[in-house]
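Taking it in order: structure first as structure tokens, then the write-up.
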Amino acid sequence: MNEMISLENVTKTYKDKTVVDKLSLSIGKGEVFALLGANGAGKTTTIKMILGLTDDMNTSLKLESDSYELVREEKDVCEIVRRICVEFYEDITATGKDFDINIPEEPCMASVDEKLFGRVINNLLANANKYNSSGKLIVLNLSSENSEILIEVMDDGEAIDEEFVPKMFDEFARGDKTRKTDGGTGLGLAISRKIMEKHNGSLKYIRAEEMNCFCVRLNAQT
Ligand SMILES: Nc1ncnc2c1ncn2[C@@H]1O[C@H](COP(=O)(O)OP(=O)(O)OP(=O)(O)O)[C@@H](O)[C@H]1O
Ligand SMILES: [Mg+2]
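Numbering (this note's numbering), first residue to last: 593 to 814.
Encoded structure:
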């Protein structure tokens, strides 16, 4: 009984109440314990997973609403992306991979919701690191041409299954080879694509030069 009470307390003070309440009701006490038992995670890990899921679901719902407005400001996208790369650098190199970062020195200005845009780059780098167990390299390229900013996040891991590629940006989609216990929810790419579309930009996947390449496009401020 204690588990469920503490879960409700945490979630209620965390984010939008309506969605969180629905989530805690639908989980139910039995399933929380099933979740704890199934993946061997501790209570804190499980609560963190549920909070992450709740936050993702809130964001996803908000982004679907036409009336939801981004908090856009004119920002140097190079600076935002550089900062996120620094945050990832240790994690990536600690797994024995090289992290090749190519970001121009001069600013590339764009009107972005920094928090949401940052979330896209975060998810792409986290994915590249998490799902590239066979490879040795992660590359981030940022370039700007014809009033468009292009950010490519690439990894030299195995090609993503052709059958999975069309579903990859769907909510809760996770590849067959993906470990079910690594804490991911399968919402990251769905949310990332919605965020880029709200920015009138795009997020696409291609397999090129033996690398998985996620391409983010954004209109530059001219
Ligand atoms: N760089 C990649 N290499 C191989 N597979 C990938 C890569 N990026 C994503 N995938 C596959 O796409 C799935 C969906 O990714 P997505 O980011 O949407 O969710 P997630 O990482 O599983 O969970 P979340 O991002 O919500 O924590 C992943 O589970 C994985 O199977
Ligand atoms: Mg992810």
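We put the CB at the ideal spot given by N, CA and C, even for glycine.
query, result
"Measure the CB-CB distance between residue 726 and residue 710 and report whether it falls below 8 Å.", "no"
"With a Cβ-Cβ cutoff of 8 Å, do residue 785 and residue 761 count as a contact?", "yes"
"Using alpha carbons as the reference points, say which of 739, 676, 682 and 803 lies closest to residue 867.", "Nothing about residue 867 can be reported from this structure: the residues present for the chain run from 593 to 814 only."
"Where does the unbroken alpha helix (DSSP H) through residue 734 begin, and where does it stop?", "Note, residue 734: premise wrong, no alpha helix (DSSP H); beta strand (DSSP E) at 729-737."
"With distances taken Cα to Cα, identify the nearest neighbour of residue 747 among 756, 755 and 721.", "721"
"Sort 756, 704 and 752 by Cα distance to residue 803 and report the nearest one.", "752"
"Please confirm if the region 647-663 is in contact with the region 691-701, defined as three or more CB-CB distances below 8 Å between the two stretches.", "no"
"Around the C-beta of residue 719, are 16 or more other C-beta atoms found within 10 angstroms, so that it is buried, or is it exposed?", "buried"
"Quick one: is the Cβ of residue 567 within less than 7 Å of any heavy atom of ligand 1?", "Within the shown structure, residues of the chain are numbered from 593 to 814, placing residue 567 beyond reach of any answer."
"Taking the alpha carbon of residue 797 as the point to measure from, which residue in 781, 764 and 657 has its own alpha carbon closest?", "781"
"Is residue 787 near residue 655, with beta carbons less than 8 Å apart?", "yes"
"Could you pull the start and end residues of the beta strand (DSSP E) that residue 703 belongs to?", "701-704"
"What are the uninterrupted segments assigned as beta strand (DSSP E) that are 3 or more residues long and contained completely in the region 681-727, given in chain order?", "690-694 and 701-704"
"Can you grab the Cα-Cα spacing for the pair residue 647 / residue 791, in whole Å?", "20 Å"
"Label residue 715 either buried or exposed according to how many other C-beta atoms from any shown protein chain fall within 10 Å of its C-beta, with 16 as the threshold for buried.", "buried"
"Between residue 730 and residue 672, how many whole angstroms is the CB-CB distance? I'm expecting something under 8 Å.", "No, residue 730 and residue 672 are not in contact; Cβ-Cβ is about 18 Å, not under 8 Å."
"For residue 742, list the residues DSSP reports as bridge partners.", "735 and 809"
"In angstroms, rounded to a whole number, what distance separates the CA positions of residue 794 and residue 686?", "31 Å"
"For residue 694, count neighbouring Cβ atoms within 10 angstroms of its own Cβ and tell me buried if that reaches 16, exposed if not.", "exposed"
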